[in-house]
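Asker:
In the numbering used here, the protein residues as written are 1 to 283.
1. Checking the sheet assignment: what are the DSSP bridge partners for residue 190?
2. DSSP beta-bridge partners for residue 78?
3. Is the Cβ-Cβ distance between residue 164 and residue 197 less than 8 Å?
4. Output the residue ranges of the alpha helix (DSSP H) runs that lie fully inside the region 144-226 and measure 4 residues or longer, sorted by chain position.
5. Helix, strand or coil, according to DSSP, for residue 26 in the structure here?
6. Enumerate in chain order the residues of its own chain whose CB-to-CB distance from residue 24 is below 7 Å, with the five nearest sequence positions on each side excluded.
7. Can the beta-carbon of residue 219 be found less than 8 Å from the beta-carbon of residue 155?
8. Could you tell me whether the Cβ atoms of residue 230 and residue 267 are closer together than 8 Å?
9. Here's the rule: buried if 16 or more other CB atoms are within 10 angstroms of the residue's CB, otherwise exposed. What is residue 143?
10. With a Cβ-Cβ cutoff of 8 Å, do residue 162 and residue 217 count as a contact?
11. Assess, as a yes-or-no matter, whether the region 102-112 is touched by the region 68-75 under the definition of 3 or more beta carbon pairs within less than 8 Å.
12. Would you mind working out which of 153, 207, 269 sits nearest residue 221, comparing C-alpha positions?
13. Please name the residue or residues paired with residue 264 in a DSSP beta bridge.
14. Just mark residue 36 as buried or exposed, buried being the case when its beta carbon has 16 or more other beta carbons within 10 Å.
15. Any chance you could list the alpha helix (DSSP H) runs of at least 4 consecutive residues sitting entirely within the region 117-142, in chain order?
16. So what does DSSP say about residue 96, is it helix, strand or coil?
17. In whole angstroms, what separates the C-alpha of residue 288 from that of residue 244?
18. Span of the alpha helix (DSSP H) holding residue 109?
19. Looking only at its chain, what residues have a beta carbon closer than 8 Å to the beta carbon of residue 158, apart from the 5 residues adjacent to it on each side?
20. So the candidates are 62, 131, 86; which of them puts its Cα closest to the Cα of residue 224?
21. Between the C-alpha atoms of residue 32 and residue 279, what's the straight-line distance to the nearest angstrom?
22. Among the candidates 210, 191, 127, 99, whose CA atom is the shortest distance from the CA of residue 56?
23. According to DSSP, is residue 34 helix, strand or coil?
24. Just to confirm, are residue 180 and residue 27 a CB contact at a threshold of 8 Å?
25. Taking the alpha carbon of residue 114 as the point to measure from, which residue in 124, 137, 125 has its own alpha carbon closest?
26. If you run the structure through DSSP and keep just helix, strand and coil, what is residue 39?
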């Protein structure tokens, strides 16, 4: 039992470290008037493209129909990527034999080839890798959507708060301002348990600001980025984990410094009807 607990703790620690590598895309507050064609600089276009990248990729992938050959192609891709890595190849073989779309969340939470490869590819905008993972990305998104609807129906709460700790480079942190939009490229792992999320905060370095994001989620807000409590499907069932699909967008409500010199940043969920988001989609 003790060895198993130790192995699980090591896997959890690895997941914590991997989770701290998040891409935060910040977009300044703007009004419709500031979006004239003459204002569009190369830098602005690049910023918008980066900001919307995950949403665009997601929308393409989830609207495609896939066959078993697409799954087999993905498995072969993983075998090539992990050639010579016996541990991961064993996991890939198991995945190939046992995977069903209803188990997408479970397979995502197992530390290993899926979790690392997907989020690294989203972080680096590696379209080649993402294309090979399209089959699984669609399954994971649709499973989150299914549980989102189910949990909304069974919940007495419309809104609730989740937490996410992060170390952010100082130059990135300085771009964060109230009312600005912020997006996360990856599938975003958060927790209802504040103390647990604070574990991630402590991993900052000298050139980093330690941040605790306090995120207000609302079931009533129309969103194309579903979120769901995945505790029952997760390998780490004690995390009280709420997982959001790739490309989640929030508005910064406030930034406050705590007594430990960490930052507490409150984020609110954006609606698909948000005017600024609609303008971004048009570009």
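From the three backbone atoms N, C-alpha and C, an ideal C-beta is built for every residue, glycine too. Keep in mind that this is a model prediction, so the values were computed, not measured.
Answerer: In short:
1. The sequence position of residue 190 within the chain shown is 190, counting from 1. Answer by DSSP bridge pairing, in chain order: 242.
2. The residue labelled residue 78 in the question sits at position 78 within the chain shown. Here residue 78 is not bridged, per DSSP, to any residue.
3. Residue 164 sits at position 164 when you count from the first residue of the chain shown. Residue 197 sits at position 197 when you count from the first residue of the chain shown. Result yes, Cβ atoms of residue 164 and residue 197 sit closer than 8 Å.
4. 170-173, 194-201
5. Mapped onto the chain shown, residue 26 falls at position 26. Correct three-state label for residue 26: strand.
6. In the chain shown, residue 24 corresponds to position 24, counting from 1. 168, 172, 182, 184, listed in sequence order.
7. Here the question's residue 219 lines up with position 219 in the chain shown. Here the question's residue 155 lines up with position 155 in the chain shown. Yes, these two residues count as a Cβ contact at 8 Å.
8. Numbered from 1 along the chain shown, position 230 holds the residue referred to as residue 230. Numbered from 1 along the chain shown, position 267 holds the residue referred to as residue 267. Cβ atoms of residue 230 and residue 267: not closer than 8 Å.
9. For this step, residue 143 is matched to residue 143 along the chain shown. Label assigned to residue 143: buried.
10. In the chain shown, residue 162 corresponds to position 162, counting from 1. In the chain shown, residue 217 corresponds to position 217, counting from 1. A contact, by the Cβ cut-off of 8 Å.
11. In short, these stretches do not touch, since the Cβ pair count stays below three.
12. By 1-based counting over the chain shown, the position of residue 221 is 221. When each option's Cα is compared against that of residue 221, the closest is 269.
13. Residue 264 sits at position 264 when you count from the first residue of the chain shown. In the DSSP output, where bridge partners are listed per residue, residue 264 has 212, 256.
14. As a position in the chain shown, residue 36 is number 36, starting the count at 1. Because residue 36 sits at a pLDDT of 42, beneath the cut-off of 50, its placement in the model cannot be relied upon, and the point is left open.
15. Segments of the alpha helix (DSSP H) lying fully in the region 117-142: 127-132.
16. The count along the chain shown starts at 1 and reaches residue 96 at position 96. In the structure shown, residue 96 sits in a helix (DSSP, three-state: H, G or I).
17. Since the first and last residues shown for the chain are 1 and 283, residue 288 lies out of range.
18. Translated into positions along the chain shown, residue 109 becomes position 109. Per DSSP, residue 109 belongs to the alpha helix (DSSP H) from 104-109.
19. Within the chain shown, the letter at position 158 stands for residue 158. Closer than 8 Å at the Cβ level, and outside the excluded window around residue 158, lie 218, 219, 220.
20. Translated into the one-based positions of the chain shown, residue 224 becomes position 224. Nearest C-alpha to residue 224: 62.
21. Locating residue 32 in the chain shown gives position 32, counting from the first residue. Locating residue 279 in the chain shown gives position 279, counting from the first residue. Here residue 32 scores only 44 on pLDDT, less than 50, and its place in the model is too uncertain to base an answer on.
22. Along the chain shown, read from residue 1 onward, the residue named residue 56 stands at position 56. Out of 210, 191, 127, 99, 127 has the C-alpha closest to the C-alpha of residue 56.
23. For this step, residue 34 is matched to residue 34 along the chain shown. Because residue 34 carries a pLDDT of 45, less than 50, the predicted location of this residue cannot be relied on, and the following value inherits that uncertainty. Residue 34: helix per DSSP, three-state reduction.
24. If you number the chain shown from 1, residue 180 lands on position 180. If you number the chain shown from 1, residue 27 lands on position 27. Yes, they are a contact pair.
25. To locate residue 114, count along the chain shown from 1; it is residue 114. When each option's Cα is compared against that of residue 114, the closest is 137.
26. Within the chain shown, residue 39 is the residue found at index 39, counting from 1. Interpretation of residue 39 is limited by its pLDDT of 47, a score under 50 that renders its predicted location unreliable; no figure is taken from the coordinates.
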